[in-house]
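Notes to accompany the following structure.
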Amino acid sequence: MPKIFIREPLANEKIRFQVIEIGTIKIFYSSRLTIKDGHPGIKIKLKKLLFYKWLELEGQTE
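Heads up, the sequence shown is in my numbering, so the first residue is 5 and it goes up one at a time.
Next up, the structure:
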């Protein structure tokens, strides 16, 4: 399972990630992350419960 974060990776971790910027949002991802067969793309969902927030991916392989 790939690592996904709500925050920007630490400076020493950034070299392991590719980055794409969409407007004011930066998405850091592993170069090994690929789209699963039969899926049009990778969906990133922000989930929240009380004070906790996390990201979930759909349609990816790694």
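C-beta: ideal position from N, C-alpha, C; glycine also.
Just so we're clear, the structure is a prediction, and the values are computed from it rather than from any experiment.
Ser34 is the residue among Ala15, Lys30 and Ser34 whose C-alpha sits nearest the C-alpha of Phe21.
Per DSSP, the continuous beta strand (DSSP E) segment holding Lys51 begins and ends at Lys47 to Leu53. Judged by DSSP in its simplified three-state form, Lys18 adopts helix. Restricting attention to Gly42, Pro44, Gly45 and Leu61, the CA atom closest to the CA of Lys51 is found in Leu61.
Each of Tyr56, Glu25, Phe32 and Gly63 was checked against the Cα of Ala15, and the nearest Cα belongs to Phe32.
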